[in-house]
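Numbering (this note's numbering), first residue to last: 2 to 432.
Even glycine gets a Cβ: it sits at the ideal position worked out from N, Cα and C.
Here the structure is a predicted model, which is why all the values come from computation and not from measurement.
The next block holds one structure in the form of structure tokens; read it before the comments.
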Amino acid sequence: MKLGIGIGWRPEIAAEVEALTGVDWVEVVAENLCADHLPDSLVRLRERGVTVVPHGVSLGLGGADRPDAERLAGLAARAELLGTPLVTEHIAFVRAGGPLTASPRLEAGHLLPVPRTWDALEVLCENVAIAQDALPVPLALENIAALVSWPDEELTEGQFLAELVERTGVRLLIDVANLHTNHVNLGQDPAKALDELPVEAIAYVHVAGGVEKNGVWHDTHAHPVTAPVLDVLAELRSRVDPPGVLLERDDAFPPGAELAAELETIRGTLRAAGGPRGTERRNTGPRRGTPAPARAGARDRTAVAQTALLSALVAGTPAPEGFDHRRLRVQSRALAAKRADVVAKVAPELPEILGDGYRAAFLDYARTRPMSDGYRRDALDFVERILVHGGLPDPVAQRRLTHWWEDRSGPRPPSRTTRIVRAARAALAGK
Numbered sequence: 002m003k004l005g006i007g008i009g010w011r012p013e014i015a016a017e018v019e020a021l022t023g024v025d026w027v028e029v030v031a032e033n034l035c036a037d038h039l040p041d042s043l044v045r046l047r048e049r050g051v052t053v054v055p056h057g058v059s060l061g062l063g064g065a066d067r068p069d070a071e072r073l074a075g076l077a078a079r080a081e082l083l084g085t086p087l088v089t090e091h092i093a094f095v096r097a098g099g100p101l102t103a104s105p106r107l108e109a110g111h112l113l114p115v116p117r118t119w120d121a122l123e124v125l126c127e128n129v130a131i132a133q134d135a136l137p138v139p140l141a142l143e144n145i146a147a148l149v150s151w152p153d154e155e156l157t158e159g160q161f162l163a164e165l166v167e168r169t170g171v172r173l174l175i176d177v178a179n180l181h182t183n184h185v186n187l188g189q190d191p192a193k194a195l196d197e198l199p200v201e202a203i204a205y206v207h208v209a210g211g212v213e214k215n216g217v218w219h220d221t222h223a224h225p226v227t228a229p230v231l232d233v234l235a236e237l238r239s240r241v242d243p244p245g246v247l248l249e250r251d252d253a254f255p256p257g258a259e260l261a262a263e264l265e266t267i268r269g270t271l272r273a274a275g276g277p278r279g280t281e282r283r284n285t286g287p288r289r290g291t292p293a294p295a296r297a298g299a300r301d302r303t304a305v306a307q308t309a310l311l312s313a314l315v316a317g318t319p320a321p322e323g324f325d326h327r328r329l330r331v332q333s334r335a336l337a338a339k340r341a342d343v344v345a346k347v348a349p350e351l352p353e354i355l356g357d358g359y360r361a362a363f364l365d366y367a368r369t370r371p372m373s374d375g376y377r378r379d380a381l382d383f384v385e386r387i388l389v390h391g392g393l394p395d396p397v398a399q400r401r402l403t404h405w406w407e408d409r410s411g412p413r414p415p416s417r418t419t420r421i422v423r424a425a426r427a428a429l430a431g432k
């Protein structure tokens with residue numbers, strides 16, 4: 002299906018997106034939509050004939066566990082609601098631990114790279130097949146940006162994607178900004194990856210901005226698209242005419258005029274690159290038979306490896322052998338910073354109550370308390386920690402924080418934390 006030129010729809014720029022001319026389609030984060038109704042802006046766009054594609058971020062198809070049936074059902078419901086021609090997700094893992102490793106469940110709150118090994122490929126292929134069976138429309142998967150690389154990988158990124166497509170028939174969502182990120186951070190050649198992957202399987206392309214700090218490229222989606230990313234887009238266009246190209250922006254949203262200018266730059270890059278050169282993809286990788294389902298040992302080994310990595314990143318356990326310790330520290334800080342930013346969005350009252358001390362307090366909390374059940378639970382756990390460990394010096398802020406926690410904690414047996422909170426409230430009331 003030909004999608005054309007699109008932009009990521011976000012509530013913060015809904016009006017700007019509606020006002021843009023020449024936008025053929027939009028992409029929306031699936032988890033940000035209710036399963037039974039759409040925001041008015043998306044309704045109006047659909048009435049104008051604009052295609053809306055849901056983009057999932059929480060399935061974790063590259064994880065050792067089989068896909069969660071409830072998450073799959075939610076993505077399927079959103080696909081039905083939107084009448085979309087396809088849905089997309091990521092080649093990543095987002096959680097680890099649990100029954101496969103007999104360890105606590107850990108959430109990354111971010112997309113983490115899967116090891117490009119035969120074990121991880123088998124697990125991913127089986128998970129993709131499960132997802133494809135549960136979804137009402139075709140699935141496309143996105144390559145992700147990474148700050149760390151796995152030791153002892155057995156395939157390149159292009160080989161890994163080519164094997165995935167051959168074994169499952171899944172489509173690809175190629176993010177050229179992520180290819181550039183991996184070039185800066187991991188030394189991977191975007192042109193080589195494009196030569197090796199099956200470009201004919203591309204469903205559409207992402208283009209996004211980022212920033213380089215201390216030799217590390219951060220895929221922020223909060224900065225303008227840079228020339229090197231546009232160069233990778235031109236490389237891709239010289240190999241294939243992608244059905245769709247989409248501009249992503251997730252933060253620090255500029256005025257509509259700047260978004261329009263970036264879209265025009267993307268159009269110009271595609272025009273200047275011309276048509277495909279007609280070169281054939283080089284089959285440089287090893288080939289193996291298609292294992293279905295994945296062997297139990299593959300899931301177990303993948304689970305152990307991913308749990309060890311995630312635990313090092315969010316729980317402070319020793320770094321697994323073979324990883325770059327400096328890069329792990331960079332990734333760990335990035336994960337904690339993202340948690341702080343997202344919690345501030347889902348619970349905006351907390352930065353208001355805590356003021357300038359919010360970020361430092363949250364990062365201190367995140368250093369010893371991994372996320373285990375999503376950002377809303379994370380916000381509650383953060384406040385519980387403050388209340389249990391002495392509260393706030395300002396009695397007004399303390400009262401507001403206590404009321405905030407009580408209003409959202411929900412009915413449950415009175416735990417030690419609940420008793421402490423109630424005691425604190427009673428003490429405040431007696432003053």
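Using the Cβ count rule (16 or more neighbours within 10 Å means buried), how would you classify T169? Along the sequence shown, read from residue 1 onward, the residue named residue 169 stands at position 168. It is buried - the Cβ of T169 has at least 16 other Cβ atoms within 10 Å.
Measuring alpha carbon to alpha carbon, tell me which of V95, L136 and I8 ends up nearest E81. Along the sequence shown, read from residue 1 onward, the residue named residue 81 stands at position 80. Checked all of V95, L136 and I8; the closest Cα to E81 is L136.
Residues sharing a beta bridge with K214, DSSP: Here residue 214 corresponds to residue number 213 of the sequence shown, with the count starting at 1. K214 pairs with V217.
Go through its chain and collect everything with a Cβ distance to R117's Cβ below 6 Å, but skip five positions before and after it. Counting from 1 along the sequence shown, the entry for residue 117 is found at position 116. Excluding positions up to five away in sequence, the list reads E154, L156 and F161.
Mind checking who D252 pairs with in its DSSP beta bridge? Translated into positions along the sequence shown, residue 252 becomes position 251. The partner list for D252 (beta bridge, DSSP) is empty, contrary to what the question assumes.
Nearest-angstrom Cα distance between P1 and L388? With the chain represented from 2 up to 432, any question about residue 1 goes unanswered, as that position is not in the structure.
Counterpart residues of M372 in DSSP-defined beta bridges: Counting from one through the sequence shown, the residue named residue 372 turns up at place 371. Answer by DSSP bridge pairing, in chain order: E108.
In whole angstroms, what is the alpha-carbon distance linking G57 and W119? Here residue 57 refers to the residue found at position 56 of the sequence shown. Here residue 119 refers to the residue found at position 118 of the sequence shown. CA-to-CA, the gap between G57 and W119 works out to about 25 Å.
Using CA coordinates, which residue listed in L174, W151 and A345 is at the minimum distance from A202? Within the sequence shown, numbered from 1, the residue matching residue 202 stands at position 201. When only C-alpha atoms are compared, the closest one is L174.
Using only the alpha-carbon positions, how far apart do E407 and E123 sit? On the sequence shown, position 406 is the one that residue 407 refers to. On the sequence shown, position 122 is the one that residue 123 refers to. One C-alpha to the other measures close to 45 Å.
For W405, does the three-state DSSP call read helix, strand or coil? Reading the sequence shown from its first residue, position 404 is the one you call residue 405. Reduced to three states, the DSSP call for W405 is helix.
First and last residue of the uninterrupted beta strand (DSSP E) at D176: Here residue 176 refers to the residue found at position 175 of the sequence shown. It spans R172 to D176 - the beta strand (DSSP E) in which D176 sits, taken as one unbroken run.
On a CA-only basis, which of T303, R386, A345 and A361 is nearest A65? Give me that one, please. By 1-based counting over the sequence shown, the position of residue 65 is 64. Nearest option by C-alpha distance: T303.
Once DSSP output is grouped into helix, strand and coil, what is the label at E143? Working through the sequence shown from its first residue, we reach residue 143 at position 142. Looking at E143 - three-state DSSP - the assignment turns out to be strand.
Should the segment 138 to 155 be regarded as contacting the segment 364 to 379, the criterion being three or more beta carbon pairs within less than 8 Å? Between the segment 138 to 155 and the segment 364 to 379 there are fewer than three C-beta pairs closer than 8 Å, too few to call the two in contact.
Where R334 and R250 are concerned, what is the direct C-alpha to C-alpha distance, given to the nearest angstrom? Looking up residue 334 in the sequence shown gives position 333. Looking up residue 250 in the sequence shown gives position 249. Going by the C-alpha atoms only, they are around 22 Å apart.
Residues that DSSP places opposite H91 in a beta bridge: Within the sequence shown, residue 91 is the residue found at index 90, counting from 1. Note: H91 sits in a beta bridge opposite E143.
Residue from V24, A20, V53 and V315 with nearest C-alpha to I267: For the purposes of this step, residue 267 is identified with residue 266 of the sequence shown, where counting begins at 1. The shortest Cα separation from I267 among V24, A20, V53 and V315 belongs to V24.
Taking the alpha carbon of V47 as the point to measure from, which residue in L393, V138, W26 and G323 has its own alpha carbon closest? Start at 1 with the first residue of the sequence shown, and residue 47 comes out as number 46. Looking at the sequence provided, one finds Arg at residue 47 rather than Val. Nearest option by C-alpha distance: W26.
A204 lies in the beta strand (DSSP E); which residues open and close that run? Taking the first residue of the sequence shown as 1, we reach residue 204 at position 203. From DSSP, the beta strand (DSSP E) with A204 extends over I203 to V208.
Alpha carbon of L83 to alpha carbon of E17, nearest angstrom: On the sequence shown, residue 83 is found 82 positions in, with the first residue counted as 1. On the sequence shown, residue 17 is found 16 positions in, with the first residue counted as 1. When rounded, the distance between both Cα atoms is 20 Å.
What three-state label does DSSP hand E439 in the structure shown? Residue 439 is absent from the model: the chain starts at 2 and stops at 432.
H219, buried or exposed, once every other Cβ within 10 Å from all chains shown has been counted against 16: Translated into positions along the sequence shown, residue 219 becomes position 218. Result: buried.
Chain-order list of residues whose beta-carbon lies under 6 Å from that of T52 (same chain, five-residue window excluded): Numbered from its first residue, the sequence shown carries residue 52 at position 51. Taken in chain order, the residues that qualify are W26.
P352 (DSSP reduced to helix, strand or coil): On the sequence shown, residue 352 is found 351 positions in, with the first residue counted as 1. Helix, per DSSP.
Less than 8 Å between the C-beta atoms of V364 and G110, yes or no? Counted from its first residue, the sequence shown places residue 364 at position 363. Counted from its first residue, the sequence shown places residue 110 at position 109. According to the sequence provided, residue 364 is Leu. The question's Val does not apply to it. It is not a contact, given that the beta carbons lie outside the stated cut-off.
Candidates A178, L260 and A204, of which the one nearest A228 by Cα: Working through the sequence shown from its first residue, we reach residue 228 at position 227. Out of A178, L260 and A204, A178 has the C-alpha closest to the C-alpha of A228.
Which of helix, strand or coil DSSP assigns to H56: As a position in the sequence shown, residue 56 is number 55, starting the count at 1. Of the three classes helix, strand and coil, the one that applies to H56 here is strand, per DSSP.
Which class does L381 belong to by DSSP, given the choice of helix, strand or coil? Translated into positions along the sequence shown, residue 381 becomes position 380. Three-state result, L381: helix.
DSSP three-state label for V305, please. Translated into the one-based positions of the sequence shown, residue 305 becomes position 304. DSSP places V305 in helix when its eight states are reduced to three.
Quick one: any contact between the segment 195 to 212 and the segment 235 to 243, if contact means 3 or more CB pairs under 8 Å? The segment 195 to 212 is in contact with the segment 235 to 243.
Please classify C35: is it buried, with 16 or more other beta-carbons within 10 angstroms of its beta-carbon, or exposed? Within the sequence shown, the letter at position 34 stands for residue 35. Exposed, since its Cβ has fewer than 16 Cβ neighbours within 10 Å.
Span of the alpha helix (DSSP H) holding G75? Counting from 1 along the sequence shown, the entry for residue 75 is found at position 74. Counting along the chain, the alpha helix (DSSP H) containing G75 begins and ends at A70 to L83.
Taking 8 Å as the threshold (C-beta atoms), are V246 and V230 in contact? Position 229 of the sequence shown holds residue 230. Position 245 of the sequence shown holds residue 246. No, these two residues do not count as a Cβ contact at 8 Å.
Going by alpha carbons, who is nearest to W405 out of S373, F383, P394 and L113? The sequence position of residue 405 within the sequence shown is 404, counting from 1. Checked all of S373, F383, P394 and L113; the closest Cα to W405 is F383.
Three or more C-beta pairs below 8 Å linking the segment 321 to 328 and the segment 350 to 360: Counting Cβ pairs under 8 Å, fewer than three are found: no touch.
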